[in-house]
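Asks: Okay, here's the structure, questions in a sec.
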Amino acid sequence: METIILFVLVLGLLFLGVPVAVSLGLSSILIIALFSEDSMSSVALQLFTASQNYTLLAIPFFILASAFMSTGGVAKRIIRFAIATVGHFRGGLAMASVLACMLFAALSGSSPATVVAIGTIAIAGMRQVGYTKEFAAGIIANAGTLGILIPPSIVMVVYSAATDVSVGRMFLAGVVPGLIAGLMLMIAIYIMARRKGLPAEPWRGIDEILQGGKEAGFGLFLIVIIIGGIYGGVFTPTEAAAVAAVYSFFIAIFVYRDMGPLKDVPWIRETDSRRAVTGFKSSVYAVSFLFVWMILSFFATADSETVTPGDRLLWGSIIALVIMVAYAVWRGGTANPAAILAMLGSGLSIWARNLAQIGSRFFGGMLHDDTRKVMVDAAKTTLMLMFIIVNALLFAHVLTSERIPDAITDLMVGYGFNWFTFLIAVNLLLLLGGQFMEPSGLLLIVAPVVFPIAMELGVDPVHLGIIMVVNM
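Basically the working numbering = 1-based index in the sequence shown + 1012.
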């Protein structure tokens, strides 16, 4: 009886338009007050315990990183790289939109952020070359869903918090399904493009791919930091989220400069001499390589007892020096050591100017209107999601204390359900529920019910999690 009343209360409140968090929390409190042997103090205890969940700390950081990446100009650079890579195929602009969504999804972990960041640029571009608005919008709507499947994924973190499954295992399990889903979508676009005669972009050459990759590189390197750091054993998913937020802030404000106090302030001015620009770029490539080398080598040798930080720095510095000299010779047109040193010395003036700008406006960047707006928007999203999660964990406590999953398991086994038919039923349930609810709310309602049943039927918790995320 309590089971029926609980679900009738939740569904009834949802159909009346009551917010998901309030529906879950109010229904749970009423069941505890009227039917449960628990005291009302257990409500406060469960809410407090839920708010202390360490895994949930990753959510605000990933949301903040996503907000900086969306606002900080990363999307347009990723789109340029994607168009240069696959734009020359039939339907290339649509395929590039899918590739851009996949790459941005690996930065943001959020489908709405992916759709907004990529869609606002890509849909306009597809319309300009003759795509129908329905087709263009459909491409972005489908590709945007990869944001919750390709790690890091906020929805995966939510599932892990609700079921106590490893976030790292969930992230790793989402890589292959995400790549397959993106590839299948691009294949479908190519077939449709051949049938409908959709245009292809002109082949822009390897140089355009390299240039696009170079511009998007600082943003895309966040993928390496997050995934490499987690699976290299350097930090936990929560720590990775914090690193991602700080890195995204620095890249958006001080490197790409599409927001904040240095907005539209170029790294290189038209008045800078050609020799100074060449020297500056030589050192930029060398420093960038050394930065990437130190991070990747740290991930690769974190458990090594023979490779020291000094060894990594020495070898990285040698290779960086070779890169710097080679670029100076190539672009400077001279192999004279004195001329190369003079060229590199001229580039120091550009370094000094830019470092002075960053140093003088660093704290201004943290307090700038653009930064405040991004952080306020991220805080609003975080509060909304965390309010849902806390109430959903209270709902899960009621389910467990009333042994509702055990009763449903006995019922399903009695009707002859096995693991396969159970997963089919979960797919159908999520397909139906997804028509009316947003992913996190639906997952938090369904996961506490189906997770214990899946464990009884021998379903791997990560397998169940990926199926649930795919259905979102």
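All C-beta atoms in this analysis are idealised placements derived from N, C-alpha and C, irrespective of residue type, glycine included.
A quick note: this is a predicted structure, and the numbers were derived from the prediction, not measured.
Are the Cβ atoms of residue 1026 and residue 1035 separated by less than 8 Å?
Replies: Along the sequence shown, one-based indexing puts residue 1026 at 14. Along the sequence shown, one-based indexing puts residue 1035 at 23. Contact flag set, yes.
Asks: State the DSSP-derived secondary structure class of residue 1247, mapped to helix, strand or coil.
Replies: On the sequence shown, residue 1247 is found 235 positions in, with the first residue counted as 1. In the structure shown, residue 1247 sits in coil (DSSP, three-state: anything other than H, G, I, E or B).
Asks: With a threshold of 8 Å on Cβ separation, who are the neighbours of residue 1196 within its own chain once the five nearest residues in sequence on each side are excluded?
Replies: To locate residue 1196, count along the sequence shown from 1; it is residue 184. So no residue of the chain qualifies.
Asks: When burial is assigned at 16 or more other CB atoms within 10 Å of the CB, is residue 1092 buried or exposed?
Replies: If you number the sequence shown from 1, residue 1092 lands on position 80. Per the 10 Å Cβ criterion, buried.
Asks: Taking buried to mean at least 16 other C-beta atoms within 10 Å of its own C-beta, is residue 1324 buried or exposed?
Replies: The residue you call residue 1324 lines up with position 312 of the sequence shown. Classification for residue 1324: buried.
Asks: When you compare each of 1015, 1080, 1451 to residue 1391 by their alpha carbons, which one comes out closest?
Replies: Counting from one through the sequence shown, the residue named residue 1391 turns up at place 379. Minimum Cα distance to residue 1391 is reached at 1080.
Asks: CA-CA distance, residue 1301 and residue 1074?
Replies: Stepping through the sequence shown from its first residue, residue 1301 is reached at position 289. Stepping through the sequence shown from its first residue, residue 1074 is reached at position 62. Going from the Cα of residue 1301 to the Cα of residue 1074 covers about 26 Å.
Asks: What separation, rounded to the nearest whole angstrom, lies between the Cα atoms of residue 1361 and residue 1291?
Replies: Mapped onto the sequence shown, residue 1361 falls at position 349. Mapped onto the sequence shown, residue 1291 falls at position 279. Taking the straight line from one Cα to the other gives about 10 Å.
Asks: Who are the Cβ neighbours of residue 1456 in its own chain at under 7 Å, not counting the five residues just before and after it?
Replies: Here residue 1456 corresponds to residue number 444 of the sequence shown, with the count starting at 1. So the list reads 1170, 1174, 1400, 1401, 1404, once near-sequence residues are dropped.
Asks: My assumption, with CB atoms under 8 Å, is that residue 1377 sits in contact with residue 1265. Please give the rounded CB distance.
Replies: In the sequence shown, counting from the first residue as 1, residue 1377 sits at position 365. In the sequence shown, counting from the first residue as 1, residue 1265 sits at position 253. With a Cβ gap of about 4 Å, residue 1377 and residue 1265 count as contacting.
Asks: Look at the alpha carbon of residue 1246 and the alpha carbon of residue 1393, and state the distance between them as a whole number of angstroms.
Replies: Here the question's residue 1246 lines up with position 234 in the sequence shown. Here the question's residue 1393 lines up with position 381 in the sequence shown. Using only the alpha carbons, I get a separation of about 28 Å.
Asks: Pick out whichever of 1481, 1232, 1198 has its Cα sitting closest to the Cα of residue 1450.
Replies: Translated into positions along the sequence shown, residue 1450 becomes position 438. Considering only alpha carbons, the answer is 1481.
Asks: Using the beta-carbon count (16 or more within 10 Å), is residue 1064 buried or exposed?
Replies: Start at 1 with the first residue of the sequence shown, and residue 1064 comes out as number 52. Exposed: under 16 other Cβ atoms inside 10 Å.
Asks: So residue 1166 and residue 1016 are in contact, right, with Cβ under 8 Å, and what is the actual spacing, rounded?
Replies: Residue numbering aside, residue 1166 sits at position 154 when the sequence shown is read from its first letter. Residue numbering aside, residue 1016 sits at position 4 when the sequence shown is read from its first letter. About 33 Å; that fails the 8 Å criterion.
Asks: Taking the Cβ atom as the reference point for each residue, do residue 1152 and residue 1127 lie within a distance shorter than 8 Å?
Replies: Taking the first residue of the sequence shown as position 1, residue 1152 is located at position 140. Taking the first residue of the sequence shown as position 1, residue 1127 is located at position 115. Yes. Within cutoff.
Asks: Between the C-alpha atoms of residue 1187 and residue 1159, what's the straight-line distance to the nearest angstrom?
Replies: Position 175 of the sequence shown holds residue 1187. Position 147 of the sequence shown holds residue 1159. Taking the straight line joining both Cα atoms gives about 11 Å.
Asks: By the 10 Å Cβ neighbour count, where 16 or more other Cβ atoms means buried, how is residue 1283 classified, buried or exposed?
Replies: Taking the sequence shown and counting its residues from 1, one reaches residue 1283 at position 271. Classification of residue 1283: exposed, given that the 10 Å Cβ count is below 16.
Asks: Which word fits residue 1096, buried or exposed, when buried means at least 16 other C-beta atoms lie within 10 angstroms of its C-beta?
Replies: Residue mapping note: residue 1096 aligns to position 84 of the sequence shown, counting from 1. Buried is the call here.
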